[in-house]
Structures are given as C-alpha cells and as structure tokens.
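**Q**
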Amino acid sequence: MPRLSVTHFEAALLFAIFSSIVLGVVSKKTDRERLRYGLRCFAWFVVALFAVGWAMYLGHG
Amino acid sequence: MANSSAPAAVSVPRNWVPVVALAWLVPGGGHFLLKRYGRGGLLFLSVASMFLLGLMMRGPMFHPQGGDLLTVIIYYGGFLGDLASGLLYFLSVWLGYNQPDIAGHVHDYGGKFLVAAGLLNVLAMVDAWEIATGKKD
Chain L
1 MPRLSVTHFE
11 AALLFAIFSS
21 IVLGVVSKKT
31 DRERLRYGLR
41 CFAWFVVALF
51 AVGWAMYLGH
61 G
Chain Y
62 MANSSAPAAV
72 SVPRNWVPVV
82 ALAWLVPGGG
92 HFLLKRYGRG
102 GLLFLSVASM
112 FLLGLMMRGP
122 MFHPQGGDLL
132 TVIIYYGGFL
142 GDLASGLLYF
152 LSVWLGYNQP
162 DIAGHVHDYG
172 GKFLVAAGLL
182 NVLAMVDAWE
192 IATGKKD
C-alpha cells in the first residue's frame with residue numbers, strides 16, 4: 001500500500017470532493033438538481049475551509 | 062375521467078432488507094440492486110476512494126474503548142463509523158491494513174477519512190432504503 005502524504009489543504013479538499021459527490025447523489029430528485037447541489041456543497045466546503053483557516057490564523061494573533 | 066396532469070409512475074416498494082444489507086457491505090450496492098447504476102457507481106467511487114485514501118494516509122481504525130463519556134463517544138462512534146464501510150472495513154482488517162495510532166496530522170486525517178467513508182456509506186444506505194420503500198424515486 002503506497003503511503004500518501006498530504007497537506008491540511010489537500011486533505012480538506014479531497015474530503016470536500018468526495019463528500020460533495022455523495023451529498024449530491026443522495027439528495028434532490030433530478031440529475032441536474034443533484035449536480036447543482038453537489039457543486040454548491042463543494043463551493044461551501046471551500047468557502048468554509050478558507051473562512052476557518054483565516055479565523056484560526058487571526059485567532060492565534 | 063383520467064387526469065392529464067397525473068404524477069409520473071412511482072417505483073413499486075420492495076423488500077428493503079437485502080437492499081440495505083448490500084448497501085452496507087458494498088458501497089453503492091443497494092443502488093445497483095435497484096438498477097440505479099449511475100448513482101451506485103458514483104457512491105462506490107466516492108466511498109471507496111475516501112476509504113483507500115484513509116488507508117494510504119496510514120489512518121488508524123477505532124476500537125471500542127471504555128472510560129469517561131467523551132472517550133466512549135469518540136471510540137465507540139469511531140468504531141461504528143469504520144464498521145459502516147462494510148466489506149472495505151472487514152477486508153482491510155483481515156488483510157492486516159489496520160494501522161497503529163501514531164502522532165502526525167496525516168495519520169489523523171487518515172483516521173477521519175476512514176470514519177467519514179463509513180458515514181457517507183450510511184447516507185447511501187438511507188438513500189437506498191428510501192428508494193426501496195418507494196419514498197423516493
């Protein structure tokens with residue numbers, strides 16, 4: 001089994017990609033709605049990632 | 062008189078036990094059994110990828126552990142999350158990919174990826190159950 005070494009950002013991005021796919025697939029009624037919801041989830045994951053990242057950076061002073 | 066604006070045909074409810082059992086053992090398997098091949102494939106790809114990434118990051122599996130309330134919640138919850146991946150979990154434990162818990166952010170992320178894969182599979186199981194019982198198309 002190859003060893004994978006990732007940064008915090010890469011790990012969070014991978015998590016966001018796969019979680020968004022599942023959230024998109026299991027929700028909504030049509031494929032178009034699922035695609036839009038999955039993309040929206042991914043966008044919100046990324047926004048939250050930057051927001052929390054900056055909050056931690058600023059919180060540390 | 063027939064109603065011209067009648068809703069589209071609703072899928073016939075069927076026995077959901079084998080569907081949910083297969084959905085647990087093989088991510089997306091329930092959807093395959095219900096002939097939702099595209100969605101089943103995407104679910105399998107996502108859950109299996111997340112699980113494999115967790116293993117490649119050398120993430121540890123959770124084992125049930127007693128102690129204070131927080132310890133019980135974390136370790137029992139983590140164990141259930143790992144277990145929810147079905148065959149992926151059993152195969153990785155049987156084949157010796159169960160990693161020891163060591164310090165480091167990558168290993169820590171790996172453990173979270175393993176649990177998250179199981180939790181995503183729970184969402185897939187619920188979706189398969191809803192389709193099988195006719196609550197959802």
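Sequences listed follow chains L and Y, in order.
According to our numbering, the first sequence holds residues 1 to 61 in order.
According to our numbering, the second sequence holds residues 62 to 198 in order.
Cβ coordinates follow ideal geometry from the N, Cα and C atoms, glycine included.
Let me know the alpha helix (DSSP H) ranges lying completely inside the stretch 102-173 of chain Y, each 4 residues or longer, listed in chain order.
**A** Qualifying alpha helix (DSSP H) stretches, in chain order: 130-144, 148-155.
**Q** Are Y:LEU95 and Y:ALA189 close, meaning C-beta to C-beta below 8 angstroms?
**A** A contact, by the Cβ cut-off of 8 angstroms.
**Q** Taking a contact to mean a Cβ-Cβ separation below 8 angstroms, would you say Y:GLY139 touches Y:TRP85 in this structure?
**A** No. Outside cutoff.
**Q** So which of L:LEU4, L:ALA11, L:PRO2, L:PHE18 has the shortest CA-CA distance to L:GLY38?
**A** Among L:LEU4, L:ALA11, L:PRO2, L:PHE18, the Cα nearest to that of L:GLY38 is on L:PHE18.
**Q** If you follow the alpha helix (DSSP H) that Y:PRO79 is part of, which residue opens it and which one closes it?
**A** That run of the alpha helix (DSSP H) goes 78-86.
**Q** Using a C-beta cutoff of 8 angstroms, does L:MET1 count as contacting chain Y?
**A** Yes, L:MET1 lies at the interface with chain Y (some Cβ there is under 8 angstroms from its Cβ).
**Q** For Y:VAL81, collect the residues of the same chain with a Cβ closer than 8 angstroms to its Cβ; drop the 5 residues on either side in sequence, then sort them by chain order.
**A** Contacts found: GLY91, MET186, ALA189, TRP190, ALA193.
**Q** If you draw a straight line from the C-alpha of L:ARG32 to the C-alpha of Y:GLN126, how long is it?
**A** Answer to the nearest angstrom: the Cα atoms are 44 angstroms apart.
**Q** For a quick check, are the C-beta atoms of Y:PHE112 and Y:LEU175 less than 8 angstroms apart?
**A** Closer than 8 angstroms, so yes.
**Q** Leaving out the 5 sequence neighbours to the left and right, which residues in its chain are closer than 7 angstroms to Y:ASP169 when beta-carbon positions are compared?
**A** Excluding positions up to five away in sequence, the list is empty.
**Q** Show which residues of chain L have a CB atom less than 7 angstroms away from the CB atom of Y:HIS166.
**A** Ordered by position in chain L, the residues that pass the 7 angstroms Cβ test against Y:HIS166 are HIS8.
**Q** Count the other C-beta atoms from every protein chain shown that fall within 10 angstroms of the C-beta of Y:PHE123, then say buried if there are 16 or more, exposed otherwise.
**A** By the neighbour-count rule (16 or more Cβ atoms within 10 Å), Y:PHE123 is buried.
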